[in-house]
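Q:
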Amino acid sequence: MATVKAFSCIRPAADKAAQVAALPYDVYNREEAKQAIQGNDITFLRIDRAETSMDDSIDTYDARVYQHAKELLDARIADGTFISDENSSYYIYELIMDGRHQTGITACCSIDDYLNNIIKKHENTLEAKEQDRINHVDTLSAQTGPIFLAYRSDAVINEVIARVKSEECLYAFTSDDGITHNVWKVKSADDNKTIQERFASINNIYIADGHHRAASAVKVGLKRRNENPGYTGNEEFNFFLSVLFSDDQLMIMPYNRVVKDLNGLSKEKYLSKVSEKFEIEEVSGAFSPDEKCTVAMLLDNNWYKLTAKPELKAITDPVESLDVSILQNYLLTPVLGIGDPRKDKRIEFIGGIRGLKELERRCSLDMKLAFAMYPTSIQELFAVSDAGLLMPPKSTWFEPKLRSGLFIHQF
């Protein structure tokens, strides 16, 4: 049984939402973030990455950065950029990209559900990345970037969402990257109650994206419990900000790979070794794989279709059967000598949103070959999580990205 609760939201005033809403803090390096805030005094990126308005001599992770973020948030609340909804509600958040609609429920989830594995993970987290958001959340006493969660579709919840979407929006705007964002507040007490009760009947929820943000929020919650030994479990620090999408709403894009060299092999020797586990077919131009166990490969300006041989297609283990695992285990490691893709400097990962042109560009610039993947499915993600296993690095790329600053959960 999942605890998914309504909350008292701090959110932008309607005429400020488009300016406030910002891409997640971790899609930028420091210089990119500094450029992104130019000309927009109220973009939430200024709060998420407060070092951008401080001297470059101040380290990104200096305590003064987090304190400045708190000051900025307090100032934006004081000047009316943000308003507070006193009554607890759920919110419906729709994103539209290239005509495709993706709608979720903004709510707060339980840190106990995370600890008890009702909220399931498929990725390990890095302590250094966690610590930054721990400091940010703890100093602000607020979660500002929602965790992207998924659940198996529920007809009753779908009915509530459809009904609320027929009402007037709180926000409706299109961001600079062409993504349309629509937000509704769930006003009916009956609808709020129905959402809560239906989630209480759902056994598992899955982290789709935001493992580090989730782990950080949970650790801050545990810290607050230690600081408040008489806690009841109902305090807001026991919950973290999330947007939950049903599985039929989600599209996972591929996470492609580029490699610097052929590991000392000639082109002919390389292709010979690849052919031991894959059927190789040269094709006339760039293409994206349209079925599982196929990979598009670019080498010397030529595109090839690699099809896994029957013994690889027969693999049933939820992790080992992933296309990214098959490529890693039967080509990248044995042929190209890339044993640990997390650490090997010869491989880089390119999000599917950047398309095949980016693979061609990199191969004309500084890489020898590229692999365009068939995307991991949401059902494969569920299967890995249900088995208590972890996906290989860079297995999924979700688009569109949730915006930060539209919903703030303060505690």
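Using this note's numbering, the first residue of the sequence shown is number 633, and each one after it goes up by one. Glycine is no exception: its CB is placed at the ideal position from the N, C-alpha and C atoms.
#1: Using only the heavy atoms of the ligand NAD, determine whether one of them is closer than 6 Å to the beta carbon of V890.
#2: Tell me which residues share the same chain as Q734 and place their Cβ nearer than 6 Å to its Cβ, disregarding the 5 neighbours each side in the sequence.
#3: Residue range of the alpha helix (DSSP H) that Y902 falls in?
#4: Report all residues from its chain with a CB closer than 6 Å to the CB of I642; omit the five preceding and five following residues, and keep chain order.
#5: Leaving out the 5 sequence neighbours to the left and right, which residues in its chain are closer than 6 Å to Y698 when beta-carbon positions are compared?
#6: Smallest Cα separation from K825: which of S720, V875, D691 and I674?
#7: Can you name, in chain order, every residue of its own chain whose Cβ lies under 7 Å from the Cβ of T692, other than the five neighbours on each side?
#8: Apply the 10 Å Cβ neighbour rule to P950 and answer buried if 16 or more other Cβ atoms are within range, or exposed otherwise.
#9: Thinking just about the alpha-carbon of each residue, which of D744, S898 and Y725 is nearest to the one in T864?
#10: Considering only their Cβ atoms, is the gap separating L655 from K1033 smaller than 7 Å?
#11: Taking 7 Å as the cut-off, decide whether the C-beta atoms of R845 and I779 are in contact.
#12: Give the straight-line distance between the Cα atoms of E990 and W1029, rounded to the nearest whole angstrom.
#13: With A832 and M686 assumed to form a contact (beta carbons below 8 Å), what rounded beta-carbon distance in angstroms separates them?
#14: Buried or exposed: which applies to S878, given that a residue is buried once 16 or more other Cβ atoms fall within 10 Å of its Cβ?
#15: Of the residues M729, R696 and C740, which one's Cα is nearest the Cα of S640?
#16: With a Cβ-Cβ cutoff of 7 Å, do K924 and Y1006 count as a contact?
#17: Hey, could you find the ends of the alpha helix (DSSP H) H768 is sitting in?
#18: Taking the C-alpha atoms as reference points, what is the distance between R830 and E791?
#19: Starting from the Cα of E1031, find the closest Cα among I674, K1000, I985 and Q670 and give me that residue.
#20: Do you know whose CA, among S874, Q828 and G862, lies nearest A847's CA?
#21: Can you list, in chain order, the residues of its chain with a C-beta nearer than 6 Å to that of I669? Leave out the 5 residues immediately preceding and following it.
#22: Give the straight-line distance between the Cα atoms of G607 and G896, rounded to the nearest whole angstrom.
#23: To the nearest whole angstrom, what separates the beta carbons of V927 and H754, a pair I think is in contact under 8 Å?
#24: Which residues in the same chain as L747 place their Cβ atom closer than 8 Å to its Cβ, once the five residues preceding and following it in sequence are excluded?
#25: Do you know whose CA, among K1026, I827 and M729, lies nearest K637's CA?
#26: Taking the alpha-carbon positions, what's the W935 to H813 distance?
#27: Given a cut-off of 7 Å, decide if G983 and V652 are closer than it, judged by their beta-carbon atoms.
#28: CB-CB under 7 Å to M729, same chain, minus the five flanking residues each way: which ones, in chain order?
#29: In chain order, which continuous runs of the beta strand (DSSP E) of length 3 or greater are located wholly inside the segment 710-754?
#30: DSSP three-state label for G1037, please.
#31: Start and end of the beta strand (DSSP E) containing A1002?
#32: Since F871 is in the alpha helix (DSSP H), which residue starts that stretch and which ends it?
#33: Could you check what DSSP says for N824 in three-state terms: helix, strand or coil?
#34: P933 by DSSP, collapsed to three states: which one?
#35: For T635, name the three-state secondary structure that DSSP assigns.
#36: I need the straight-line Cα distance from Y803 to I737, nearest angstrom please.
A: According to the data block:
#1: Ligands in the displayed structure: none, and consequently the ligand NAD is not present.
#2: L727 and Q881
#3: K899 to V906
#4: F714, S716, I1040 and Q1042
#5: N767, H768 and T771
#6: S720
#7: R662 and E683
#8: buried
#9: D744
#10: yes
#11: yes
#12: 15 Å
#13: Going by Cβ atoms, the distance from A832 to M686 rounds to 44 Å, so no, they are not a contact pair.
#14: buried
#15: C740
#16: yes
#17: E759 to L772
#18: 12 Å
#19: I985
#20: S874
#21: T675, L677, R678 and T684
#22: What the structure shows of the chain is the stretch from 633 to 1043, and residue 607 is not part of that stretch, so it cannot be assessed.
#23: Not quite, the Cβ-Cβ distance comes to about 21 Å (not below 8 Å), so this is no contact.
#24: V850
#25: I827
#26: 37 Å
#27: no
#28: I811, E1031 and P1032
#29: 714-716, 723-729 and 732-742
#30: coil
#31: L1001 to M1005
#32: Run containing F871: none in the alpha helix (DSSP H); it sits in the beta strand (DSSP E), F871 to S878.
#33: helix
#34: Sequence check: residue 933 is Asn here, not Pro. N933 falls in the coil class under three-state DSSP.
#35: coil
#36: 15 Å
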